[in-house]
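Notes for the one structure printed next.
4 protein chains.
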Amino acid sequence: MVLNVGVIGTGNIGSDHVRRLATQVSGARVAALFDVDGERAGAVADRVGARVHSQAADVIEDIQVDAVVIASPGDTHADLVLACVAADKPVLCEKPLATTVESALKVLEAEVAHGRRLTRVGFMRRHDPGYRAVKVAVDDGSVGEPLLMHCVHRNASVPAGFTSDMSLTDSVIHEIDAARWLLGDEIVAATVVAVRPSPLATNGMRDPQLVLLETAGGAVVDVEVFLHCQYGYDVRCEVVGANGTVSLDTPTTGALTRSGRREQAVPEDWRVRFAPAYLDELQQWVDGVASGNGGGGGSSAWDGYAATAVAQACVASLSSGARTAVGLVDRPTLYA
Amino acid sequence: MVLNVGVIGTGNIGSDHVRRLATQVSGARVAALFDVDGERAGAVADRVGARVHSQAADVIEDIQVDAVVIASPGDTHADLVLACVAADKPVLCEKPLATTVESALKVLEAEVAHGRRLTRVGFMRRHDPGYRAVKVAVDDGSVGEPLLMHCVHRNASVPAGFTSDMSLTDSVIHEIDAARWLLGDEIVAATVVAVRPSPLATNGMRDPQLVLLETAGGAVVDVEVFLHCQYGYDVRCEVVGANGTVSLDTPTTGALTRSGRREQAVPEDWRVRFAPAYLDELQQWVDGVASGNGGGGGSSAWDGYAATAVAQACVASLSSGARTAVGLVDRPTLYA
Amino acid sequence: MVLNVGVIGTGNIGSDHVRRLATQVSGARVAALFDVDGERAGAVADRVGARVHSQAADVIEDIQVDAVVIASPGDTHADLVLACVAADKPVLCEKPLATTVESALKVLEAEVAHGRRLTRVGFMRRHDPGYRAVKVAVDDGSVGEPLLMHCVHRNASVPAGFTSDMSLTDSVIHEIDAARWLLGDEIVAATVVAVRPSPLATNGMRDPQLVLLETAGGAVVDVEVFLHCQYGYDVRCEVVGANGTVSLDTPTTGALTRSGRREQAVPEDWRVRFAPAYLDELQQWVDGVASGNGGGGGSSAWDGYAATAVAQACVASLSSGARTAVGLVDRPTLYA
Amino acid sequence: MVLNVGVIGTGNIGSDHVRRLATQVSGARVAALFDVDGERAGAVADRVGARVHSQAADVIEDIQVDAVVIASPGDTHADLVLACVAADKPVLCEKPLATTVESALKVLEAEVAHGRRLTRVGFMRRHDPGYRAVKVAVDDGSVGEPLLMHCVHRNASVPAGFTSDMSLTDSVIHEIDAARWLLGDEIVAATVVAVRPSPLATNGMRDPQLVLLETAGGAVVDVEVFLHCQYGYDVRCEVVGANGTVSLDTPTTGALTRSGRREQAVPEDWRVRFAPAYLDELQQWVDGVASGNGGGGGSSAWDGYAATAVAQACVASLSSGARTAVGLVDRPTLYA
Ligand SMILES: [Mg+2]
Ligand SMILES: [Mg+2]
Ligand SMILES: [Mg+2]
Ligand SMILES: [Mg+2]
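Chains as they are written, first to last, in my numbering: chain A, 1 to 336; chain B, 1 to 336; chain C, 1 to 336; chain D, 1 to 336.
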């Protein structure tokens, strides 16, 4: 039994997902796809023998499509997920689930009304071996009760057009999800601290930023997001518990020693750093869908909603300069 | 176009290969398989929808089998590879290519007579990202002319029945191939140095052993092989060049700090350590066969022959206590 | 020429200083000392052949004392330093210079009136090889313009009687000085963020705390202070610049690999971690005094005043929960 | 009570010792010194207020000299130590104790006849915190019975005039002593393995060399010595036991991350790397002499003799190309 997957959006990450589904993920094939750039869609489809549709909705409604991957621009996500729920098709939606809290809520409500979880949000870090080791150490009590979490999220640079808000909604949102997942706790407030911008930041971006997140239980998470750090892609995380700490290692392959220095390479970008995580995410999703459970271990529509709500509070705090409370609706029993 | 692979031997590594071919490798399926334990063969075949044959030869001769993976016991390898060559079918043979120099030579001669390279030997380390980074640093001149190579090869323990000779023919053979490949040089002599055996070594094994390999160009490789090190699986390698060195890192995911210690986990065994390498090896082979080149980048029958010859020199040295020259035949132009 | 040093306070750190001055520091001897516990003073004095005085003031006024080390409780520091200035004697005062901004200002004013710098504050981290390497990398432009600084300051535990305020005035004050020194910038605001206290924190302490410091130039420093971390003494620091970062390594001597783990020891306490820094601090001070410059490279009364002012802002912020501005007087030209 | 030390030889290491004794070591002063270069001797003496003698023997016989440090060229050591024994004065002799086995034996015999241990050989690694941590782990059973030891000894370069033999007698001799000390075992055979010389090695030196040392108990030590490695000073050591291993860390202060690389500095030379060890060595010696025990914890004349004997076996092996047995005399009870 092969799962027929439809893919909406075949830009950077979408075409990566198509390639993985076609060549590395077991039990799946790409049956159909759509992109606003028809030529790009055609080229990607040719490589994997998929049908090209002229509208995103057609992918979802395609009778031969069993499940959908959404990798189109973020502001299209919520409506597409709603269509998937309406069509009763499992969907893996790239983060964010929605760009507004309101639209995220609509997805929640639709899924609750539908009575079954169909949505998974593409927070791939939950599938990274390093993050999983942190999760194990937190959950098995190795570090004691978690009190603090320190995060660093750096890119060498970001494309033109990237804004200060996007640092929060597109980058920090990964730490938001990771913190909720690792600490097993909701985030109730966010504060963005103004930092002197790097002279190398483009577009007048506020970069770096320092974000503080507070959980319901009183743990505090600090996140440095710095998207023009120049030197490479660097994601770090340390959870500080009452009697120990656990932290990620940056994956390295080896060391070169010469000219008075021992050197280890830093990953170039997130594709290099998280390639195994993306693959595991897709495989777990395909396996989960195939076994009828919607893809265990990943993040639900609730997780997507909560992350969007926290990211929006960060945006508000960036604008106001003040600590901003995050008001979540009650968690539906579907997501208990 | 899907490559139909036949697999001979479905023990530990064979069933791993079947699983990978069926679920992770793109462009391949397991069409047929054989194992001396028919029940085991049947169970593995059921999981992937493969045919079971009652003899190894039938797998090779199966008209629906395009290429063959050999993962049966080492002393069966040479004859099976010969049969693949006779049948003009590409073959990925787990190391060793042969257990005697004579039978390895027969494979060489058959392939030379056949006039086309069909054989690839499963030295998976050539596909490990760490080893590849070492290779790049050696080849691009980052460390200068290579002079020395230090290797460590440790297992927590080995199964009952493992012998002192097998430390050389089954374990050190990986370092033999890695040294030849990384240094781009043939090994011309081997010396096994007697070390006090660990009191925890079973079966009266000489364990650890220290092996010295000399290359034609005068570089020296030392290898510690220690198969009852108790603490985990640990493979290290450092190439020392005229103006720098390059070394492997042991892959780690993170660090746990508690009770006065910062701790990083050591891989449990070779499956954990080299899982990505095995997968890459199979994918490269499948891609290579599909594109008609027999699987570029891996080790040839010549490499398998040379490794067997060096391993046999090690065995002779272990027995005699003396430095033992390795006499290789001239390299046929097929392997130039 | 040997510098005759008088030491006031021979508790933990004071007796350490006496021992160092007597046995490890070149060009100095301990001529006289005082402690409120006369018996303790006598025992320490016997070991080094020093005179014991019955009052702190007598040490300062002792005609045979060339320079003074103050290691008595913090609330006695300012008056003792004032007495040293009045006596025109160089003084190394353990941090803090003063426990109130007002008394710190009195020291400043006295020294300015005196017209010559006599005071050095014992911020030993400026003498740690790791911190100095960070300083070099910041100053030589290796990391570009500094934008952020992340600090961690953890003790396994603190003595009974240690309070939440003392986390700021006795522990974080080290980071305050380090940040000012490394970034070459004054701190203009402080915010203490409430974190869920560790269940293992004693005395109802707020522990850990997260402190944000903002510099005049817009750089932001975050400090985790956690004084019941259980596992050891852990001080870290990373300065993030516009094109790179530089961070401390925790000094280690080696690694033990066993039972599936590679382990490195964490220093037990600050004495172990900063022993070489304390020694260098004393030697530099003695050399500086001997050469008539008051001990170059260390922190001045201005540094001690600024650190006290920032620490007091932290205490105010802990109490109010609000960001608290630090109002410094104009820097006298004596400290330009 | 201050120990009056006489120093013979004020070249690189001798003048370092003078400086340390004068400024960093407690309980000692440099009373007298000698160097073949009288001008150099005078300059060094001036800095520390020592008397200059016109002959080495005069330093030893100086009635105001309590103990002697020998840092003159290696071939003068044995005779000077003999003179110290004759004068009943404790002596710290830089390695080697002697340049021939015969002269080392004479020292042994003289000391045995004298009936009291006066000689300590300057193997400073026994005072390095890293080596000491390895010693503790071996002695407390953390790694189980030691079976193998891997050593690396690299210098960026060596002065003109340094020879292949000196690699063994001046450099590897440190590993010889370290191995004997760490493993608690005598070395009974040595083999020097020919390695292709680095094209950057000067003076036609065989560099690098690979040395194998076998202990009486059957443990094997391999030593890479490479004195033109270009990149810095790098000393490593790993002891492999039956159930774990323990290794040195190279001391580092921090990491600089920029341009795709995380970099840590390698020490420039042995002075940087082992400065704390040299200081501890001198202090322990001074304390030991002062307390009448001759300086506990360091290496005795027996250790110096054994190291010389092993180094000479290495030289013989380098010349003959063969494994060379080390024949030690019976250990006198004075060194039990
Ligand atoms: Mg994602
Ligand atoms: Mg293999
Ligand atoms: Mg201090
Ligand atoms: Mg020495």
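Don't be surprised by glycine CBs; every beta carbon is placed ideally from N, CA and C. Model, not experiment: these values are computed from the prediction.
For residue i versus residue j, is the C-beta spacing smaller than 8 Å?
i	j	result
residue 107(D)	residue 78(D)	yes
residue 310(A)	residue 210(A)	no
residue 337(C)	residue 171(C)	Nothing in the structure corresponds to residue 337(C), since chain C is present only between 1 and 336.
residue 298(C)	residue 284(C)	yes
residue 3(D)	residue 289(D)	yes
residue 329(C)	residue 105(C)	yes
residue 224(C)	residue 148(A)	yes
residue 256(C)	residue 219(D)	no
residue 115(B)	residue 242(B)	no
If I follow the unbroken beta strand (DSSP E) through residue i, where does it start and stop?
i	result
residue 314(C)	Counting along the chain, residue 314(C) falls outside any beta strand (DSSP E), though it belongs to the alpha helix (DSSP H) covering 301-320.
residue 162(A)	Segment: none, residue 162(A) is in no beta strand (DSSP E) and carries neither H nor E.
residue 193(C)	187-193
residue 381(B)	Beyond the ends of chain B as shown, which are 1 and 336, falls residue 381(B); an answer cannot be given.
residue 196(D)	Counting along the chain, residue 196(D) falls outside any beta strand (DSSP E), and DSSP gives it neither H nor E.
residue 210(D)	209-215
residue 265(C)	261-265
residue 255(A)	254-258
residue 170(C)	No beta strand (DSSP E) contains residue 170(C), which DSSP labels as neither H nor E.
residue 92(A)	91-94
residue 241(C)	234-241
residue 250(C)	Note, residue 250(C): premise wrong, no beta strand (DSSP E); not H, not E.
residue 4(A)	3-8
Give the range of the alpha helix (DSSP H) segment to which residue i is assigned.
i	result
residue 23(B)	12-23
residue 103(A)	101-114
residue 230(B)	Premise fails: residue 230(B) is in no alpha helix (DSSP H) and is neither H nor E.
residue 287(B)	270-290
residue 180(A)	173-183
residue 79(C)	77-86
Any chance you could list the alpha helix (DSSP H) runs of at least 4 consecutive residues sitting entirely within the region 119-145 of chain D, in chain order?
As summarised for the region 119-145 of chain D, the continuous alpha helix (DSSP H) elements at least 4 residues long and confined to that stretch are 129-139, given in chain order.
Do the region 243-257 of chain D and the region 125-137 of chain D touch if we need at least three Cβ pairs shorter than 8 Å?
They touch, by the three-pair rule.
Does the structure place the region 60-76 of chain A close enough to the region 12-32 of chain A that three or more beta carbon pairs sit under 8 Å?
Flag = yes, the region 12-32 of chain A and the region 60-76 of chain A touch.
Give me the subset of the region 247-275 of chain A whose CB atoms are less than 8 Å from a CB atom of chain C, sorted by chain position.
Within the region 247-275 of chain A, contact with chain C at the beta-carbon level (separation under 8 Å) is assigned to no residue.
When the Cβ atoms of the region 228-246 of chain B are set against those of the region 152-172 of chain B, are three or more pairs found closer than 8 Å?
A contact exists between the region 228-246 of chain B and the region 152-172 of chain B.
Members of the region 231-247 of chain D that neighbour chain C once the beta carbon cut-off is set at 8 Å
Correct list: 243, 244, 245, 246 and 247.
Completely contained beta strand (DSSP E) runs for the region 16-68 of chain A, where each covers 3 or more residues
The qualifying runs are 28-34.
Anything in the region 20-32 of chain D with a Cβ closer than 9 Å to a Cβ of chain C? List those residues in chain order, please.
Cβ proximity to chain C below 9 Å picks out 22, 23, 24, 25, 26 and 27 from the region 20-32 of chain D.
If you pair each beta-carbon of the region 162-176 of chain C with each one of the region 199-210 of chain C, do three or more pairs fall below 8 Å?
In short, these stretches touch, since the Cβ pair count reaches three.
Could you name the residues of the region 117-146 of chain D whose beta carbon sits closer than 7 Å to any beta carbon of chain C, in the order they occur along the chain?
If the cut-off is 7 Å between Cβ atoms, the region 117-146 of chain D has 129, 130, 133, 134, 137, 142 and 143 near chain C.
Any contact between the region 169-185 of chain C and the region 304-319 of chain C? By contact I mean 3 or more CB pairs, one from each, below 8 Å.
With a cut-off of 8 Å, the region 304-319 of chain C and the region 169-185 of chain C count as touching, because enough Cβ pairs lie within range.
Against chain C: residues of the region 207-227 of chain A by CB proximity under 7 Å
Taking 7 Å as the Cβ-Cβ cut-off against chain C, the residues of the region 207-227 of chain A that qualify are 208, 210, 212, 217, 218, 219, 220, 222, 224 and 226.
Segment contact, 8 Å Cβ cut-off, at least three pairs: the region 272-280 of chain C with the region 84-96 of chain C:
At 8 Å Cβ cutoff, the stretches do not touch.
Below 7 Å between beta carbons is the criterion; list the residues of the region 181-207 of chain B that meet it against any residue of chain D, in chain order.
The region 181-207 of chain B vs chain D, Cβ under 7 Å: 193, 195, 196, 198, 199 and 200.
Give, in chain order, every residue of the region 290-318 of chain D whose Cβ lies closer than 7 Å to some Cβ of chain B.
Listed by position along the chain: nothing, the set is empty.
Quick one, which residues of the region 156-168 of chain A are near chain C if we go by CB-CB under 7 Å, in chain order?
Identification of residues in the region 156-168 of chain A having a C-beta nearer than 7 Å to some C-beta of chain C yields an empty set.
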